[in-house]
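Each remark here refers to the structure printed beneath this line.
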Amino acid sequence: MKYTQLGRTGLKVSRLVLGTMNFGPQTNETDSHAIMDAALDAGINFFDTANVYGWGENKGRTESIIGNWFAQGGGRRDKVVLATKVYGNMAADGESWPNHDKLSALNIRRAVDASLKRLQTDHIDVYQFHHVDRATPFEEIWQAIDTLVTQGKILYVGSSNFPGYKIAQANEVAARRGGTIGLVSEQCLYNLAERRAEMEVIPAAQEYGLGVIPWSPLHGGLLGGVIKKEVEGGRRASGRAADSLANTTIRAQVQAYEDLLDKHGVEPGEAALAWLLTRPGVTGPIVGPRTAEQLASAISAVELELSEELLAGLDEIFPGPGPSPEAFAW
C-alpha cells in the first residue's frame, strides 16, 4: 500500500479509503469484520463511516459494527485513522424533533458522544460535516469543534459535499478565530464520469490545503465494466448505472470506455480508481466493497500505472470541464 499526507496535516493515510456504507444494509457483521481485517492486512489504514449509515430504523448500525470490530483488540483501533460524519437526523424513525440533525453546537455535541459510544472508542480522528448547514454560522460550529478538540474527542475536521465557496468560508472563519486548524479534507463526488468538482471544489481544497477524498469512484458501478458484465454474464446493471445506460449517449460513452480499456488490457474498475490516484489534490478514493473479492480488486488499482496514451484516451471519452473560470467564461 502507498501512503500520503492528509492535506496539509502530518497525518499519514493510505491511498485507498475503506468505505463502510454497505456494512449492515448489504454486508452482515461477520463479513464486514472480515473485510476490515483484510483491509488492514493490505495496509489500508483510513476507514470512513457516518452516524446515519445503516439507514432508516437501523441508522447507527454501521458505526456499531465497526465498534464491535475494534473491541476484538489486536491493535485494530490504533492502526486505523477513523473518520465519521455528522449532519443527518438521528432521531428515532418517524419522529421529528428539533436539534437532532445538522451542525448546531448542541447537535454536534450530542452526535459526537453518540458516535463515540457506538464506535467503542475515546476519540474520532477525522470528524466530517456531511453537508453544509445554511442555518448555522461557522463561528458557532468552530466554537463547538474547539471544545471537542480540547476534550480530546476529535483530532481533525473535514467536510463532505461542500461547494468551493463554503470550503473557503469555513477556513476563513477558522483563521479569524485563531487557534483552529480548520478543514483538512473534503469528501466529494468525483470520478471520470462526474468531473464538475474540478471547476471549484478541488481548486478550493488545494488552495486551503485540504485533502480530496472522492466518493462513488465508479459512479454507482457505471465505470466498473457494466456492459461487459451484461454481455458476458447476463448481469444487468441496476440503480444509478441502469438509469444512466438507458441514455443512448451515455451508453455509447461507456462502451467506448470499456473498449479502450480492453485494448490496453486493463480492468474498468481498477482503471477508474487508478485514474483518480493521478489527479492533483486527491488523497485517495473511497472504495465500498460488499465482499472481500471486491476489496482485492480495488487494492490492485494502487499499483496500476496508466500510460499517457491511455490517460489521453480517457480524457477524450470523459472530458473534464476545464479550469475555472475559463470553463464558463472567456
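Residue numbers (our numbering): -16 to 313. Quick reminder that beta carbons are idealized off the backbone N, C-alpha and C, glycines included. Computed from a predicted model, the values in this text were never measured in an experiment.
Cβ-heavy atom distance, residue i to the ligand GDP, below 8 Å
i, result
"ALA127", "Absence of the ligand GDP is noted for the structure shown, with no ligands found whatsoever."
For residue i, the three-state DSSP class (helix, strand or coil)
i, result
"ALA66", "strand"
"PHE53", "helix"
"PHE145", "coil"
"GLU276", "helix"
"LEU1", "strand"
"GLN(-12)", "strand"
"GLU314", "Only positions -16 to 313 of the chain appear in the structure, and residue 314 is not among them; the question remains open."
"LEU102", "helix"
"VAL167", "strand"
"LYS42", "coil"
"HIS83", "coil"
"ALA127", "helix"
"GLY222", "helix"
"LEU287", "coil"
"GLY296", "helix"
"LEU23", "helix"
"ASP76", "coil"
"ALA17", "helix"
"GLU309", "coil"
"ASN90", "helix"
"VAL228", "The sequence given here places Leu at residue 228; Val does not occur at that position. In the structure shown, LEU228 sits in a helix (DSSP, three-state: H, G or I)."
"ARG35", "Per the sequence presented here, residue 35 reads as Val, with Arg not at that position. Coil, per DSSP."
Residues sharing a beta bridge with residue i, DSSP
i, result
"TYR110", "THR67 and VAL140"
"TRP198", "LEU172"
"ILE269", "VAL0"
"PHE6", "THR10"
"GLU177", "ASN174"
Sequence-distant residues of the same chain with beta carbon closer than 6 Å to residue i, five excluded per side
i, result
"ASN5", "GLY271 and ARG273"
"ALA127", "ALA88 and ILE91"
"ARG160", "TRP125"
"LYS(-5)", "TYR(-14)"
"HIS247", "LEU293"
"VAL265", "VAL195 and LEU259"
"THR314", "An answer regarding residue 314 cannot be provided, because it is not within the stretch -16 to 313 covered by the chain."
Own chain, CB closer than 8 Å to residue i, minus 5 neighbours either side, in chain order
i, result
"ARG223", "HIS202, GLY203, GLY204 and LEU205"
"HIS83", "ASN72, MET73, ALA74, ASN90 and ARG93"
"ALA97", "ASN34, GLY43 and MET73"
"ALA239", "ILE300"
"HIS16", "ILE48, ASN51, TRP52 and GLN55"
"GLU122", "VAL156 and ARG160"
Short Cβ contact (9 Å threshold) for residue i with residue j
i, j, result
"VAL63", "ASP108", "yes"
"ARG117", "SER47", "no"
"ALA284", "GLU253", "yes"
"LEU243", "LEU293", "yes"
"PRO263", "MET182", "no"
"ILE269", "PRO197", "yes"
"GLN189", "GLN111", "no"
"TYR173", "VAL209", "no"
"ILE76", "GLY26", "One point to set straight first is that residue 76 is Asp, not Ile, in the sequence displayed. No, Cβ-Cβ distance for ASP76 and GLY26 is not below 9 Å."
"LEU297", "LEU289", "yes"
"ALA66", "PHE30", "yes"
"PRO302", "ARG179", "no"
"LEU278", "ALA21", "yes"
"VAL95", "LYS68", "no"
"SER316", "ASN28", "Because the chain is modelled from -16 through 313, residue 316 falls outside the range shown and cannot be assessed."
"GLN366", "ALA176", "Not covered by the structure: residue 366. The range shown for the chain is -16 to 313."
"ILE185", "LEU(-1)", "no"
Span of the beta strand (DSSP E), counted from its first residue to its last, around residue i
i, result
"SER(-3)", "-5 to -3"
"VAL237", "Looking at the DSSP string, VAL237 is not in any beta strand (DSSP E); the run it does join, the alpha helix (DSSP H), is 231 to 247."
"ASP31", "29 to 31"
Bounding residues of the alpha helix (DSSP H) (the contiguous stretch that carries residue i)
i, result
"THR119", "First-last for THR119: undefined, no H or E at that position."
"LEU259", "251 to 260"
"PRO186", "184 to 190"
"LEU205", "Here LEU205 belongs to no alpha helix (DSSP H), and DSSP marks it neither H nor E."
Cβ shell of residue i (< 7 Å), same chain only, five flanking positions each side left out
i, result
"LEU193", "GLY(-10), ILE150, LEU166, VAL167, SER168 and GLU169"
"ALA187", "GLY147, ILE150 and ALA151"
"SER227", "LEU205 and ILE233"
"SER199", "LEU172 and ASN174"
"PRO8", "GLY37 and TRP38"
"GLU241", "GLY208, ILE210, LYS211 and PRO251"
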